[in-house]
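Here is the structure we will look at, set down as structure tokens.
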Amino acid sequence: MSIRSEKVSNEIRKAIVRPINDLAVEHKAGLLTITTVRISKDLRVARIYFSLIGGTLNKSKFLEILELNKSEIRKSLAANLRLRFVPELKFFYDDTLDTIEHITEVLKKVNTSDTNNKNNLFNSKT
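According to this note's numbering, the sequence shown is numbered sequentially starting from 62.
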């Protein structure tokens, strides 16, 4: 990623946090984090990755809400950025946290199973 693309991505991230977070609060979607913003080389398309923790709204419903409010988010972006073109916004759920949680659960199960096997082995030797 070029330096310009990186700077624009960071500025987009800063500019969209508030309107997207307002939507998350309004719809009780939980704690929202914008994890990554990737912008195309021509600065015309921004891919925005987010994660949600807690809340009563599932990720697919929140994606629908983002899509319905995309034009308002772009207007907010246009007001806060000085770019020739306001990029098209594409939203994606970042499942990295879900993957980490799943791996942690699996490792805990393996560790518990391993501990039980060691205890059984130790008890059978005595």
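Backbone N, C-alpha and C define an ideal beta-carbon position, used for all residues, glycine too.
If I'm right that Ile81 touches Leu127 with Cβ under 8 Å, what's the distance once you round it to whole angstroms? Here residue 81 corresponds to residue number 20 of the sequence shown, with the count starting at 1. Here residue 127 corresponds to residue number 66 of the sequence shown, with the count starting at 1. Right, their Cβ atoms sit about 7 Å apart.
For the alpha helix (DSSP H) containing Arg65, name the first residue and the last one. The residue given as residue 65 occupies position 4 in the sequence shown. Element bounds for Arg65: Ile64 to Glu87.
Under 8 Å, with one C-beta from each stretch per pair, do the region 105-121 and the region 68-87 reach the 3-pair mark? Here the region 105-121 makes contact with the region 68-87; the two share three or more CB pairs at distances below 8 Å.
Lys136 by DSSP, collapsed to three states: which one? For this step, residue 136 is matched to residue 75 along the sequence shown. Helix at Lys136.
Please list, in chain order, all residues of the same chain as Leu150 whose beta carbon is under 7 Å from its beta carbon, the five residues on each side excluded. The residue given as residue 150 occupies position 89 in the sequence shown. The residues are Ala107, Ile109, Lys131, Ile134 and Arg135.
Can you tell me which of the three DSSP states Lys120 falls into? Locating residue 120 in the sequence shown gives position 59, counting from the first residue. The answer is helix: DSSP assigns Lys120 an H, G or I state.
How should Asp100 be labelled, buried or exposed, when 16 other C-beta atoms within 10 angstroms of its C-beta is the threshold for buried? For the purposes of this step, residue 100 is taken as the residue at position 39 of the sequence shown. One detail in the question is off: residue 100 reads as Ile in this sequence, not Asp. That one is buried.
Starting from Ser112, follow its DSSP beta bridges and name the residues at the other end. Residue numbering aside, residue 112 sits at position 51 when the sequence shown is read from its first letter. Paired residue(s): Thr94.
Local conformation of Leu142 per DSSP, three classes: Here residue 142 corresponds to residue number 81 of the sequence shown, with the count starting at 1. In the displayed model, Leu142 falls within coil according to three-state DSSP, outside both helix and strand.
Spatially closest choice to Glu119 from Asp103, Lys89 and Thr94, by CA coordinates: Taking the first residue of the sequence shown as 1, we reach residue 119 at position 58. In the sequence under discussion, the amino acid at residue 119 is Asn, which differs from the Glu named in the question. Per the Cα distances, Lys89.
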